[in-house]
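Chemist:
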Amino acid sequence: MQEFLQQLTNGLAVGGIYALIALGYTMVYGVLKLINFAHGELFALGAYLGFTLLVTLGLSDFMGGVGVVFLLLIFAMGLVAIAGYFLERVAYRPLRQSNRLAAVVSALGASIFFQNAMMLVYGTKALVYPGGILPSVVVSVLGVEIPLIRILIFASSVLLMCLLFWFIHHTRTGAAVRAVSLDQGAARLMGINVNRIISLIFLIGPALGAAAGVMVGLLYGQIRYDMGVGYGLKAFTAAILGGIGNIPGAMAGGILLGVIEALGAAYISIAWKDAIAFFTLILILIFRPTGLLGERVADKV
Amino acid sequence: MPESAYLELRDLRVSHGSVEALRGISLSVNQGEIVALLGANGAGKTTTLSTISGLLRPSAGAILFEGRPLHTLPSHEIVRRGITQAPEGRRIFALLSVRENLELGAFTRRDRAGAAATLDWIFELFPRLRERLNQLAGTLSGGEQQMLSIGRALMGAPKVLLLDEPSLGLAPILARAIFQSVREVNAAGVTVILVEQNARAALQLASRGYVLEVGRIALADSASALLRNPDVQIAYLGNGE
Ligand SMILES: Nc1ncnc2c1ncn2[C@@H]1O[C@H](COP(=O)(O)OP(=O)(O)OP(=O)(O)O)[C@@H](O)[C@H]1O
Ligand SMILES: [Mg+2]
Chain V
138 MQEFLQQLTN GLAVGGIYAL IALGYTMVYG VLKLINFAHG ELFALGAYLG FTLLVTLGLS
198 DFMGGVGVVF LLLIFAMGLV AIAGYFLERV AYRPLRQSNR LAAVVSALGA SIFFQNAMML
258 VYGTKALVYP GGILPSVVVS VLGVEIPLIR ILIFASSVLL MCLLFWFIHH TRTGAAVRAV
318 SLDQGAARLM GINVNRIISL IFLIGPALGA AAGVMVGLLY GQIRYDMGVG YGLKAFTAAI
378 LGGIGNIPGA MAGGILLGVI EALGAAYISI AWKDAIAFFT LILILIFRPT GLLGERVADK
438 V
Chain A
27 MPESAYLELR DLRVSHGSVE ALRGISLSVN QGEIVALLGA NGAGKTTTLS TISGLLRPSA
87 GAILFEGRPL HTLPSHEIVR RGITQAPEGR RIFALLSVRE NLELGAFTRR DRAGAAATLD
147 WIFELFPRLR ERLNQLAGTL SGGEQQMLSI GRALMGAPKV LLLDEPSLGL APILARAIFQ
207 SVREVNAAGV TVILVEQNAR AALQLASRGY VLEVGRIALA DSASALLRNP DVQIAYLGNG
267 E
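If you're matching them up, the sequences are chains V and A in order.
Under the numbering used here, the first residue of the first sequence is numbered 138, with each subsequent residue one higher.
Under the numbering used here, the first residue of the second sequence is numbered 27, with each subsequent residue one higher.
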């Protein structure tokens, strides 16, 4: 039982990270029917910008604790949001009317560009987030010892997801985002500026990805210029698992994938960790081809 | 240069890729009237409305509204200028609630009180929508979806309402109800362009009508003259049955 709950909390922390990244894939897919292959790199960029603030700009020398984490998140999310905004303007918008393949190639190009840029600036060796930013305290919950950092990371990712959910479902702009992803032409007839909504999505998605990047740095300490590939693939899997284009689906898919992976690694074999993730995906797609929450029946009368 | 009408299309040409759907059409709409736009399948009726709404760009010609060019504006600016549309096939947001659909219709409006008043008016026109307010729009019946589509377009407080086949696929009694509400909307001061398969009903509502044939205006006349026109009777009124 101890072991199980340990693995479960570990899975939840990682799952929250997957979910945050998956949201970027799913939101972009929702409005543009495009896989933003550069999204994993934006996530990695978030991790690196966090490192820059902590080490290069020396924030960790001045202060520690939750305040630092908060600043890191704001800083990385803000800058990566700007990068996401320009990514769409430069790599995707000019190709909006072209065929799909052109946009896919552009996405792959952007991914390589970001990866190489990070490699040039930060080098190919893994960098290490300084320890002790968050106290390495262990909290005892119902007799189970859980590292505080896991709880904080899971709580932060859930908080960000709640904010996003509230925005999408309870604001006028959020309703416009949903309208654009359902029917762009009809959304334009409502007077919605679709380009603005798309820009907004390329601010929000990358910002959430950047938050996930900082969390990986805090949780595991190490970051690498190519970390976006692995995490990106997992998060993309999570987005499909939940039903690509579906926001709650990405949240559920990410958390589920994290938990399954952690439990699978513990009880089956750590070597099979990735295989278990993809096996889950295949299994779910066999029984629910649209993913867990994908495409609730839209009555087209 | 002749003085321009309230809404005027001048020698408008529009293509879908290599297909030229409008081959130079000119028509005008006066403030406060209902104008019917008739024509067989593929004549270019939907293309005309889409171009007015800014979803398509003309390759030549112009659209003027209140004397100012409209065809150069993006679609969201056109809604702000006061032209909204209930498009062909209704195009309601199926996974959003009825309330959210209506609120999106008022997306460009900043006057909350005005939008609330419009909503009350829409409930008077279509009481069914009030009962269904918190339902997903996709669960509505066909007739209710059409009411929602029109209600949503009215939420933008339009000066000109574009209706693309509002009676399509509806039982006669529902179609009559829709036409009756179009009459009421017009009586409230909204100018209407009505595209219809049901030419008789449309001409009974309208003051004037245009008949489109493969991208050109074939006939333009008062509604009563069109109703009496033998060619129109044979082609569009089921031989005067
Ligand atoms: N998206 C499109 N791509 C290519 N061709 C199109 C497209 N939409 C319409 N067309 C063509 O343009 C012409 C005019 O079509 P439009 O939809 O405007 O006709 P319509 O009068 O509204 O017909 P209906 O009564 O069937 O609605 C037709 O020849 C049609 O095939
Ligand atoms: Mg049509």
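Quick reminder that beta carbons are idealized off the backbone N, C-alpha and C, glycines included.
Are the stretch 217 to 232 of chain A and the stretch 187 to 197 of chain A touching, with three or more C-beta to C-beta distances below 8 angstroms?
Modeler: Contact holds: three or more Cβ-Cβ distances are below 8 angstroms.
Chemist: Which residues of the stretch 287 to 316 of chain V have a Cβ closer than 8 angstroms to any Cβ of chain A? Give them in chain order.
Modeler: Those would be Arg309, Ala312, Ala313, Arg315, Ala316, in chain order.
Chemist: So is asparagine 330 (chain V) in contact with chain A if we call contact Cβ pairs under 8 angstroms?
Modeler: Chain A contact via Cβ: present.
Chemist: Which residues in chain A have a C-beta closer than 8 angstroms to the C-beta of alanine 323 (chain V)? List them in chain order.
Modeler: Correct list: Pro113, Arg117, Ile118, Phe119.
Chemist: Considering Cα atoms alone, identify which of A:Glu129, A:Gly264, A:Val240, A:Ala246 is closest to alanine 66 (chain A).
Modeler: Measuring from the Cα of alanine 66 (chain A), the nearest candidate turns out to be A:Val240.
Chemist: Is any heavy atom of ligand 2 found at a distance shorter than 7 angstroms from the C-beta of glutamate 239 (chain A)?
Modeler: Glutamate 239 (chain A): no, Cβ never under 7 angstroms from ligand 2.
Chemist: From the DSSP output, read off the bridge partner residues of valine 281 (chain V).
Modeler: V:Val278.
Chemist: Under the rule that 16 or more other beta-carbon atoms within 10 Å means buried, what is glycine 229 (chain V), buried or exposed?
Modeler: For clarity, residue 229 (chain V) is tyrosine in the given sequence; the question names glycine instead. So tyrosine 229 (chain V) ends up on the buried side.
Chemist: For alanine 389 (chain V), which three-state DSSP category applies?
Modeler: Correct three-state label for alanine 389 (chain V): helix.
Chemist: Measure from the alpha carbon of leucine 191 (chain V) to the alpha carbon of each residue in V:Leu345, V:Ile211, V:Leu296, then state which is nearest.
Modeler: Closest option to leucine 191 (chain V), Cα to Cα, is V:Ile211.
Chemist: Residue ranges of each beta strand (DSSP E) run of no fewer than 3 residues wholly in the stretch 288 to 373 of chain V, ordered along the chain?
Modeler: For the stretch 288 to 373 of chain V, not a single whole beta strand (DSSP E) run of length 3 or above is found.
Chemist: Between the stretch 118 to 138 of chain A and the stretch 295 to 305 of chain V, do at least 3 Cβ pairs fall closer than 8 angstroms?
Modeler: No, the stretch 118 to 138 of chain A does not touch the stretch 295 to 305 of chain V.
Chemist: Return the first residue and the last residue of the beta strand (DSSP E) that alanine 112 (chain A) is part of.
Modeler: Per DSSP, alanine 112 (chain A) belongs to the beta strand (DSSP E) from 109 to 112.
Chemist: For glutamate 291 (chain A), verify whether its CB is less than 7 angstroms away from any heavy atom of ligand 2.
Modeler: Nothing can be reported for residue 291 (chain A): it is not among the residues displayed for chain A, which extend from 27 to 267.
Chemist: Might you give, ordered along the chain, the residues of its own chain that have their beta carbon closer than 7 angstroms to the beta carbon of arginine 39 (chain A), omitting 5 neighbours on each side?
Modeler: Cβ within range, chain order: Glu46, Leu48, Arg49, Gly50, Pro84, Ser85, Ala86, Gly87.
Chemist: Can you have a look at glutamine 234 (chain V) and say buried or exposed, based on whether 16 or more other CB atoms are within 10 angstroms of its CB?
Modeler: Under this definition glutamine 234 (chain V) is an exposed residue.
Chemist: Considering only the beta carbon of each residue, do isoleucine 286 (chain V) and leucine 356 (chain V) sit closer than 8 angstroms?
Modeler: Contact flag set, yes.
Chemist: With a 10 Å radius around its C-beta and 16 neighbouring C-beta atoms as the bar for buried, classify tyrosine 404 (chain V) as buried or exposed.
Modeler: Classification of tyrosine 404 (chain V): exposed, given that the 10 Å Cβ count is below 16.
Chemist: Between alanine 324 (chain V) and glycine 148 (chain V), how many whole angstroms is the CB-CB distance? I'm expecting something under 8 angstroms.
Modeler: That pair is no contact at about 38 angstroms.
Chemist: Under 8 angstroms, Cβ to Cβ, is there at least one residue of chain A near leucine 337 (chain V)?
Modeler: It does not; no Cβ of chain A falls within 8 angstroms.
Chemist: Mind checking if phenylalanine 149 (chain A) is an interface residue toward chain V, Cβ cutoff 8 angstroms exclusive?
Modeler: Phenylalanine 149 (chain A) does not count as touching chain V.
Chemist: Exposed or buried, which one is lysine 71 (chain A) when buried takes at least 16 other CB atoms within 10 Å?
Modeler: By the 10 Å Cβ count, lysine 71 (chain A) comes out buried.
Chemist: Who's in the neighbourhood of ligand 1, going by beta-carbon under 5 angstroms from any heavy atom, listed in chain order?
Modeler: Matched residues: A:His42, A:Val45, A:Ala47, A:Asn67, A:Gly68, A:Ala69, A:Gly70, A:Lys71, A:Thr72, A:Thr73.
Chemist: Give the residues of chain V in contact with glutamate 129 (chain A), contact being defined as C-beta atoms less than 9 angstroms apart.
Modeler: In chain order: Arg309, Ala312.
Chemist: Check the C-beta distance from methionine 327 (chain V) over to glycine 131 (chain A) and give it rounded, since I have them as a contact under 8 angstroms.
Modeler: About 6 angstroms; that satisfies the 8 angstroms criterion.
Chemist: Within the 8 angstroms Cβ cut-off, does methionine 388 (chain V) reach chain A?
Modeler: By this cut-off, methionine 388 (chain V) is not an interface position.
Chemist: Please decide whether valine 105 (chain A) counts as near chain V, where near means a Cβ-Cβ distance under 8 angstroms.
Modeler: It does: the Cβ of valine 105 (chain A) has a partner Cβ on chain V nearer than 8 angstroms.
Chemist: Show which residues of chain A have a CB atom less than 8 angstroms away from the CB atom of aspartate 439 (chain V).
Modeler: In this structure chain V extends from 138 to 438, so residue 439 (chain V) is not present and cannot be described.
Chemist: Please tell me whether serine 207 (chain A) and phenylalanine 152 (chain A) are closer than 8 angstroms, where the distance is taken between their beta carbons.
Modeler: It is a contact, given that the beta carbons lie within the stated cut-off.
Chemist: How would you label histidine 97 (chain A), buried or exposed, when you count the other beta carbons within 10 angstroms and need 16 or more for buried?
Modeler: Buried, because 16 or more other Cβ atoms sit within 10 Å of the Cβ of histidine 97 (chain A).
Chemist: Which term fits serine 44 (chain A), buried or exposed, when burial requires 16 or more other beta carbons within 10 angstroms of its beta carbon?
Modeler: Exposed, by the Cβ-count rule.
Chemist: Using the beta-carbon count (16 or more within 10 Å), is isoleucine 249 (chain V) buried or exposed?
Modeler: Per the 10 Å Cβ criterion, exposed.
Chemist: DSSP on tyrosine 236 (chain A), reduced to helix/strand/coil?
Modeler: Strand at tyrosine 236 (chain A).
Chemist: Determine the extent of the alpha helix (DSSP H) in which leucine 257 (chain V) is found, giving its start and end residues.
Modeler: Note, leucine 257 (chain V): alpha helix (DSSP H), 237 to 259.
Chemist: Just mark alanine 181 (chain V) as buried or exposed, buried being the case when its beta carbon has 16 or more other beta carbons within 10 Å.
Modeler: Buried, because 16 or more other Cβ atoms sit within 10 Å of the Cβ of alanine 181 (chain V).
Chemist: Is the shortest distance between the beta-carbon of leucine 430 (chain V) and the beta-carbons of chain A less than 8 angstroms?
Modeler: Chain A, which has no Cβ nearer than 8 angstroms to the Cβ of leucine 430 (chain V), makes this no.
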